[in-house]
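A.B. asks:
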Amino acid sequence: MTAAPMPTWNTFARRYETLATEPLEVSDIPAWLTRWSDLEKDVMEVSAQLMRAKDADPTDQAAEQAFMQFVQAVQPEVRRAGQRLKDRLLAQTGWVPQAEHQQMLRRLQNEAALYREENLALLSELTTLANDFNKITGALRAQVNGEELTLPQAQRLLLGEDRAQRDAAWRGIAQANLQVAPQLDALFLKLLSLRRQVAGNAGFETYRDYAWRALNRFDYTPADTQELHRAIEEEVVPLQARLNDERRQQLGLETLRPWDTQADPLGRPALQPFSSTEEYLDIGARMFAQLDPDLGAQFTAMRAGSYLDLEPRPEKVPGYGYCNFLPRTVSPYIYWSAVGSDIDVRVLMHEAGHAFHFLASGQPEDLVWNLMAPIEFAEVASQAMELLTLPLLEKPLGYYASEDAARARHDKIETVLRQFTSQATGDAFQQWLYSEAPEDVTAEQIDARWLADSARFGVGVDWQGLEDVRAKGWQFIHIFAIPLYLIEYSLAWIGALQVWQSAQQNPEAALQQYKAALALGNTRPLPELFQAAGARFAFDGETLGTLMALLAEQVGQPGGSD
Ligand SMILES: [Zn+2]
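Here the numbering used here is used: the first residue of the sequence shown is -13, the next is one more, and so on.
#1: Tyr385: which of Leu419, Ser327, Ser440, Ile218 sits nearest, CA to CA?
#2: Straight-line CA distance for Leu530 to Phe516?
#3: Let me know the secondary structure DSSP gives Ala217 once reduced to three states.
#4: Mapping the DSSP letters down to three states, classify Gly546 as helix, strand or coil.
#5: Run through DSSP, which three-state label would Asp532 get?
#6: For Glu362, verify whether its CB is less than 8 angstroms away from any heavy atom of ligand 1.
#7: Starting from Ala128, trace the beta strand (DSSP E) both ways and give me its first and last residue.
#8: Applying the 10 Å Cβ sphere with the 16-neighbour rule, what's the burial state of Met54?
#9: Hey, how far is the Cα of Arg583 from the Cα of Val184?
#10: Looking at the unbroken beta strand (DSSP E) that takes in Phe56, where does it start and where does it end?
#11: How close, in whole Å, do the beta carbons of Ala370 and Tyr475 come, if the pair is a contact with beta carbons under 8 angstroms?
#12: Using only the alpha-carbon positions, how far apart do Glu337 and Pro300 sit?
#13: Is His340 near ligand 1, judged by its Cβ being under 8 angstroms from some heavy atom?
#14: Taking all protein chains shown into account, decide if Thr207 is buried (16 or more other Cβ within 10 angstroms of its Cβ) or exposed.
#15: What is the DSSP secondary structure of Phe(-2), reduced to helix, strand or coil?
#16: In the DSSP assignment, find the unbroken alpha helix (DSSP H) run with Glu104 in it and report its ends.
#17: Have a look at Ser262 and His396 and give me their C-alpha separation to the nearest angstrom.
#18: Find the nearest neighbour of Gln84 within the set Leu537, Thr509, Gly542, judged by alpha-carbon distance.
#19: Where do the ends of the alpha helix (DSSP H) carrying Ser292 lie?
#20: Straight-line CA distance for Gly186 to Ser421?
#21: Grab the span of the alpha helix (DSSP H) containing Pro493 for me, first residue to last.
#22: Can you list, in chain order, the residues of its chain whose CB lies under 8 angstroms from that of Met37, leaving out five sequence neighbours each side?
#23: Which word fits Glu3, buried or exposed, when buried means at least 16 other C-beta atoms lie within 10 angstroms of its C-beta?
#24: Relative to ligand 1, is the shortest distance from any of its heavy atoms to the C-beta of His336 smaller than 8 angstroms?
#25: Taking 8 angstroms as the cut-off, is the C-beta of Glu365 nearer than that to any heavy atom in ligand 1?
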């Protein structure tokens, strides 16, 4: 049997060359853009198919090699050729773009303005160094009651009923992390210094200001996010403190310790939403169909076309999931290993939200640059889908008996609150690092700042005697690999929660607005995308306060257990 020929750079080179060299009048630009977009879609399709094949069976060496060959040999050429076309487009002075091209142009102009030849080597060094984080932490093992466990194994114990075992597991993880902390300190200081150099080369006073532009944050400023930090402190922290206190009382404890925050406070066994992948998908399909016939039909088509790879085959990577898009086939696909937990339910709803967004913005007539939206809104699509399906969780339609559905909703709300406070901590800390920290900042100063930010946004957990562990809480992957990229998720929650808030009043209208906003793809600035979804792109305490009141109502009144 002969395998399909492996796509090489030659598969695409001639078409890029033609687009770069053929005569181009202003009046030709719309058709030229469509051809360029089609070409990029062909590249994306190949890349996504190769990735799909590789992840479907991680033990398939040939699939792995084909994917890596594409990443290493074809994609750099594609980027170089794409840059040539971007430059060509930006040089077209007489061209007045239509509304659907304006955001794309704004992004291209921004990228071109930040481009510095001398930063190329630094940026690739940064990527390599950030990878060292995984090398340093990947092999860590936790000693728990004389047993050596991987960190994910030890983390699972934190969900259990046995408090002594949770305590041991938590301390085992903490000890493992502390062992490599000095190595990570040194690595981070190196990254920080390189990042400052990159910013300086591009003409920015601070790395924060450079990163703001590099992340295409056109529609909000550092001051806006600082307003959001204050709003989270005033509106989210008190509700989280209340839920922590309820948890403490339910567990019958004097104080809540870090190993008490994830276990079920009533000691119940884990939720069991389904017992086979078949059942998982049958119920999911029913819920989407109930929510909206169009979305239900899209989900059913994905399932019929085998675009839902959710079976927990032994060779698949557990805990690894995503939604990707095949722009030529015009279908999204979702990858995940569902083992029968509540997390699986959330993942399905979340990734389906991304899938609906792809379909709404990725039809053959849509330009490739308008797929989805900036991350701040792409996550509104997925997070809102998690929330909009919460009322449908109950049997006979959904996954759970009534009491379990209430528990799943409560868990979801606790997770949202935790995300707000941890993202605010991480963002306040990084803004300080990249705009205020002294030139010769030390690891001790960094730890002290993290402790201050953690104390500001984290309440109700007793860290006494564990300060050395808490001080190193900043040593997680985002801080090393994707600086400042975190607060996007909080901004998206504010949008998603407003969609959900509208749905309390009028579910049909809220859903129609949600769908209309998804259909805009990446063609509008963030405030307009939020507005189309019936939400405000907001940072203020009043908006957040209203949303927290809604969540408080959903989890019941204080002392509601009696
Ligand atoms: Zn997502």
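We put the CB at the ideal spot given by N, CA and C, even for glycine.
For clarity, every value in this text was computed on a predicted model and none was experimentally measured.
C.D. replies: According to the structure data:
#1: Position 399 of the sequence shown holds residue 385. For Tyr385, the nearest C-alpha among the options comes from Ser327.
#2: Taking the sequence shown and counting its residues from 1, one reaches residue 530 at position 544. Taking the sequence shown and counting its residues from 1, one reaches residue 516 at position 530. Taking the straight line joining both Cα atoms gives about 15 angstroms.
#3: Within the sequence shown, residue 217 is the residue found at index 231, counting from 1. Residue state, collapsed to three classes: helix.
#4: Counted from its first residue, the sequence shown places residue 546 at position 560. Note that Gly546 has pLDDT 38, beneath the 50 cutoff, so the model's placement of it is unreliable and the number below is only indicative. Looking at Gly546 - three-state DSSP - the assignment turns out to be coil, as it is neither helix nor strand.
#5: Here residue 532 is taken as the residue at index 546 of the sequence shown, counted from 1. In the sequence on display, residue 532 carries Thr and not Asp. The three-state reading of DSSP puts Thr532 in helix, counting H, G and I together.
#6: In the sequence shown, residue 362 corresponds to position 376, counting from 1. No, ligand 1 has no heavy atom inside 8 angstroms of this Cβ.
#7: Stepping through the sequence shown from its first residue, residue 128 is reached at position 142. Its beta strand (DSSP E) spans residues 127 to 130.
#8: Numbered from 1 along the sequence shown, position 68 holds the residue referred to as residue 54. Burial call: exposed.
#9: This structure gives no information on residue 583, because the portion of the chain shown stretches from -13 to 548.
#10: Walking along the sequence shown from the start, residue 56 turns up at place 70. No beta strand (DSSP E) holds Phe56; DSSP gives it neither H nor E.
#11: By one-based count along the sequence shown, residue 370 stands at place 384. By one-based count along the sequence shown, residue 475 stands at place 489. Approximately 13 angstroms separates the beta-carbon atoms of Ala370 and Tyr475; this is outside 8 angstroms, ruling out the contact.
#12: Position 351 of the sequence shown, counted from the start, is the residue given in the question as residue 337. Position 314 of the sequence shown, counted from the start, is the residue given in the question as residue 300. Cα to Cα, the separation comes out at about 22 angstroms.
#13: Within the sequence shown, the letter at position 354 stands for residue 340. For His340, the Cβ falls inside the 8 angstroms cut-off from some heavy atom of ligand 1.
#14: Mapped onto the sequence shown, residue 207 falls at position 221. Exposed, by the Cβ-count rule.
#15: Numbered from its first residue, the sequence shown carries residue -2 at position 12. DSSP places Phe(-2) in helix when its eight states are reduced to three.
#16: Reading the sequence shown from its first residue, position 118 is the one you call residue 104. In the DSSP annotation of this structure, Glu104 is not part of any alpha helix (DSSP H), being labelled neither H nor E.
#17: Your numbering for residue 262 matches position 276 in the sequence shown. Your numbering for residue 396 matches position 410 in the sequence shown. Near 24 angstroms, if we compare the C-alpha coordinates of His396 and Ser262.
#18: Locating residue 84 in the sequence shown gives position 98, counting from the first residue. Checked all of Leu537, Thr509, Gly542; the closest Cα to Gln84 is Thr509.
#19: Here residue 292 refers to the residue found at position 306 when the sequence shown is read from its first residue. Here Ser292 belongs to no alpha helix (DSSP H), and DSSP marks it neither H nor E.
#20: Here residue 186 corresponds to residue number 200 of the sequence shown, with the count starting at 1. Here residue 421 corresponds to residue number 435 of the sequence shown, with the count starting at 1. Distance between the alpha carbons of Gly186 and Ser421 is about 12 angstroms.
#21: Here residue 493 refers to the residue found at position 507 of the sequence shown. First-last of the alpha helix (DSSP H) with Pro493: 493 to 505.
#22: The residue you call residue 37 lines up with position 51 of the sequence shown. Here the set comprises Phe53, Asn310.
#23: Locating residue 3 in the sequence shown gives position 17, where the first residue counts as 1. Burial call: exposed.
#24: As a working mapping, residue 336 is identified with position 350 in the sequence shown. Yes - ligand 1 has a heavy atom lying nearer than 8 angstroms to the Cβ of His336.
#25: As a position in the sequence shown, residue 365 is number 379, starting the count at 1. Yes, since a heavy atom of ligand 1 falls inside the 8 angstroms radius drawn around the Cβ of Glu365.
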